[in-house]
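> Add 196 to the 1-based position in the sequence shown for this note's numbering, that's all there is to it.
The C-beta atom is built at its ideal place from N, Cα and C for all residues, glycine as well.
Below is one structure. I have some questions about it.
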Amino acid sequence: MRLPHLCQSAKLATLVLGLWGAHGFDQALAAIGVESIRDEFDMLDFVDPLIGTVNGGHVFPGANLPYGMAKAVADVNTEIQGGFASDDGDITGFSHMHDSGTGGGASLGNFPLFAQTGCENDELNNCYFRKDHRASRRMPGSVEVRAGYFAVTLNTSVRAEMTTTNHTVLYRFTFPSNASQPATKAGKPVPYGPLILADLTDLADTRTQGSIAVDPDTGRITGNGTFKPSFGIGNYVLHFCADFKGAEIRDTGVWRNTRAASEPKSLETFEDGNNNDVPLPAGAYVRFHPPQQSDQILARVGLSFISTRQACSNAEKEIPGFDFASVRSDAEEAWRVKLGHVSIDSTGVDVSLQRLFWSGLYRSFISPQDYTGENPLWQSDEPYFDSYYCIWDSFRSTHPLLTLVDPHAQALMVRSLLDIYRHEGHLPDCRMALCKGFTQGGSNADNLLADSYLKGLTDGIDWDTAYEAVIADAEVEPALWTVQGRGGLHSWKTLGYIPTDDYDPYGTGLITRSISRTVEYSYNDFCIAAMAKRMNKTGDAEKYLARSANWASMYDADSRSRLNLTGSPDPGALVDSGFAGFLQPRYQNGTFGYQDPSLCSPMFNFTSCYLNPGGHETYEGGAWLYTFYIPHDQATLITTLGGPETFTSRLRYLHDTPGLLYIGNEQSYLTLFIFHHVGRPGLSSQYARKYIPASFNDTTAGIPGNDDSGAMGSFTALTMMGLFPMSGQDVYLLIPPFFREVSIRSDVTGKTATIRCVNFSGSAGGNEKGGNIYIQSAKLNGEAFTKSWITHSFFLDGGVIELTLGANESTTWGTAKEDLPPSASTNFWES
């Protein structure tokens, strides 16, 4: 049953939900005479999975369920990280597992199928087997995408549709039956004898060994392969099981490189030391007689990390009847239920902004992926989630959003992280395909756990083990800290910072990023302090609160920034920014070095600061950005940088100087909202509307960077709801939503929290465009409310925050000292 859009009226929502509980859904609607609203609104009409599928967004746009393991889409040969890209790349196959928004190498995309109408002259070896041979153009305008569904037509006139359950993909291939119709890449007609192949490959061609077999009687293809992760170490083994329905089998066999034959019925591949860059292509095929009806053949592919037997069992249990329409309908309904935790009053809002919002919310549920029951690494009754890709990205907005709108799923993810800790000794900072992913800076699972703990998540979480895990991150350096925990802990504890020339004989990792690692470790320790305080571990709280101030050890008050504002190659064209004092490299002897604060911004050597050795002390951003990145103690930072007026001018300069800030990296999000800490929440609203929709919009290039497991989508959704979570703290900064009203229903208490705008002026953008985008006053459940921030209790208790808006920045709301968001140096011990 489709849930109606209850949020067009908060009173209507409350009434229907109350009647629903007493009398059932249909009777509730009939009782208030609004049965007709059932089909007036469907949020899936506003979900566009193609947003972010070009220009480096790497969004996965295919068929999947929320957190589903099976993720099906057409794979291309251009931007391959998300499988499909909305460019002019050729399609090489249709594979069943993907990650979304990854920034590095391509992930998963294992065992693709490829369908051909027939082979030229009916000769088996005239069909196309290798990726580069079978790659085909797509028919213009043929891509059709909806939550739980993806379809495209190749220039061979073969149409591929796909939908999914949790571990299984169901494909429907429709073939051109007219023999005179071109059905090959070369546009030549072929005899009608469909062939579907399975390929022992993945998106990045990392297979080291594999095996495949085809049953000559049933056509079932089973196989497995050993592959490498895209942003980590180790390898993983994946299994699949493909069954077909809709046509009689003509012949079966295997293929290697460009040749195929009906014997044998199985093969194995090995790493041979020669075919290393691209492993020797290999797979199996089934050739069919013309389909019995509708020119369609269905292919069901089950997946498992345990065994081919379990892959087949998953498929048989989840899709026993090959009913494509039913599977697709169930997938859509699963998405409606998940998205239905949030409702909006979209009156007066452009459709493009509605599409941007719902699509961002949708992408927030793609990852992490639920692999429970599919973990071969250890035996456990705990849930197992994967594709934390990466927590460095997702702790900032994805997990806080899930805590708001799907706390049960977030609790399962926390439990999964703790189980990884139990069996591997440290929390991950990144993880994919059962493998340890690279740590980009700190131990940011600490922040995720603190955020969940402070907001009251329980649901089976062992918080004593969680505290033990974060203490291990803070105190125990792993031998290989490139993939878990923190490096340089001896220096951290004795010097109070990470030296640029760190001496670290205790573990192995990249001796880089001394500035950003110092900043991140500081915040990690603050989050541990916050957990300790809430757990009444006062001594630990004092200890880690003190260590959270270590960021100041990297502050060089005399450092300056000279900027190339014109793009001139002449060094004499550099202009001093007018601001002094930046975080800078510091050596073991206490002296400072110098890194140009604009390094690693679009203005200067943008791509210099990744996980590469030497030459940079910040990560994915420069000192201009990291000098502001002190989420826990803006009060001290503001004083350090010269007081509120200078701080405000400097922060505006960061945003207003072209090329100085890249909003496509997640740590940049904070800089939009810390105007709250100087009593200027109106500027946070203004700059949020600068970037939405200029940088975040509903086009295929509509996100400014990799989506990073929904980090861009969740940030967009939260910002448009008028919320910025200070992840790791029980603090949400408030700005006016982009809608007249936003409501969030708590699964924990069953209550609804509503943020309502008075004097809402529709889709107006920033102040230069006019519009009421500044909060003048606020009421919380009818009482005057002057703070510019709220806590999670509002969403648990329910109620209404009413924001009265105006066209000019208020000089009174959220400006008083007592109304500013908390900081470690001023408010830590107060609550």
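(1) Residues in its own chain within less than 6 Å of residue 743 by CB, not counting five upstream and five downstream?
(2) Using 8 Å as the threshold, is the region 386 to 402 in touch with the region 477 to 491, meaning 3 or more CB pairs across them?
(3) Considering only residues of the same chain and omitting the five flanking positions on each side of residue 731, which have a CB-CB separation below 7 Å?
(4) In this structure, does DSSP put residue 241 in helix, strand or coil?
(5) Go ahead and label residue 455 buried or exposed: buried means 16 or more other beta carbons lie within 10 angstroms of its beta carbon, across all protein chains shown.
(6) In the structure shown, what three-state DSSP assignment does residue 369 receive?
(7) Sorted by chain position, which residues of the same chain lie with C-beta nearer than 6 Å to residue 704's C-beta, five sequence neighbours on each side aside?
(8) Report the option in 696, 613, 240, 751 whose CA atom is closest to the CA atom of residue 1029.
(9) Compare the beta carbon distance of residue 988 and residue 926 with 7 Å and say whether it is the shorter of the two.
(10) Helix or strand or just coil, what does DSSP make of residue 236?
(11) Quick check on the burial criterion: 16 or more other C-beta atoms within 10 angstroms. Buried or exposed for residue 505?
(12) Rounded to a whole number of angstroms, what is the C-alpha to C-alpha distance between residue 1044 and residue 612?
(13) Classify residue 340: buried if its beta carbon has 16 or more other beta carbons within 10 angstroms, exposed otherwise.
(14) Which two residues bound the contiguous beta strand (DSSP E) that contains residue 828?
(15) Compute the Euclidean distance between the alpha carbons of residue 728 and residue 667, then round it to the nearest angstrom.
(16) For residue 466, is the classification buried or exposed, using 16 other Cβ atoms within 10 angstroms of its Cβ as the cut-off for buried?
(17) Could you pull the DSSP bridge partners for residue 751 from this structure?
(18) As an exercise, report each continuous alpha helix (DSSP H) stretch of at least 4 residues that is fully enclosed by the region 901 to 963, in chain order.
(19) Quick check: the Cα distance between residue 230 and residue 355, rounded to an integer number of angstroms?
(20) Among the candidates 608, 921, 665, whose CA atom is the shortest distance from the CA of residue 653?
(21) Can residue 822 and residue 711 be called in contact, C-beta distance under 7 Å?
(22) Rounded to a whole number of angstroms, what is the C-alpha to C-alpha distance between residue 979 and residue 1009?
(23) DSSP state of residue 224, grouped into three classes?
(24) Could you have a look at residue 548 and say whether DSSP puts it in helix, strand or coil?
(25) Could you pull the start and end residues of the alpha helix (DSSP H) that residue 600 belongs to?
(26) Taking the DSSP output, what are the residues bridged to residue 642?
(27) Just how far apart, CA to CA, sit residue 660 and residue 670?
(28) In this structure, does DSSP put residue 143 in helix, strand or coil?
(29) Which one of 422, 450, 1019 has the shortest CA to CA distance from residue 831?
(30) Taking the C-alpha atoms as reference points, what is the distance between residue 591 and residue 640?
(31) Using three-state DSSP, classify residue 381 as helix, strand or coil.
(32) At the level of alpha carbons, what is the spacing between residue 762 and residue 799?
(33) Below 6 Å CB to CB, which residues in the same chain sit around residue 1023 once its five sequence neighbours on both sides are set aside?
(34) Can you give, in chain order, each stretch of the beta strand (DSSP E) that sits fully within the region 447 to 519 and has at least 3 residues?
(35) Where residue 560 and residue 628 are concerned, what is the direct C-alpha to C-alpha distance, given to the nearest angstrom?
(36) Residue 918: which of 785, 413, 540, 791 sits nearest, CA to CA?
Result, derived from the coordinates:
(1) 721
(2) yes
(3) 663
(4) helix
(5) exposed
(6) strand
(7) 676
(8) With the chain represented from 197 up to 1027, any question about residue 1029 goes unanswered, as that position is not in the structure.
(9) yes
(10) coil
(11) exposed
(12) Because residue 1044 is not part of the residues shown, which for the chain are 197 to 1027, the question remains open.
(13) exposed
(14) Premise fails: residue 828 is in no beta strand (DSSP E) and is neither H nor E.
(15) 10 Å
(16) exposed
(17) 779
(18) 907 to 916
(19) Residue placement at residue 230 cannot be trusted, given a pLDDT of 40 that sits under 50; what the coordinates show is reported in the next sentence. Residue 230 and residue 355: Cα-Cα distance of roughly 40 Å.
(20) 608
(21) yes
(22) 14 Å
(23) Reliability of the predicted coordinates at residue 224 is poor, the pLDDT of 42 falling under 50, and no value is obtained from them.
(24) helix
(25) 594 to 601
(26) Paired residue(s): none; residue 642 is not in a bridge.
(27) 16 Å
(28) Since the first residue of the chain shown is 197 and the last is 1027, residue 143 is not available in this structure.
(29) 1019
(30) 7 Å
(31) coil
(32) 10 Å
(33) none
(34) 455 to 457, 462 to 465, 478 to 484, 492 to 500
(35) 17 Å
(36) 540
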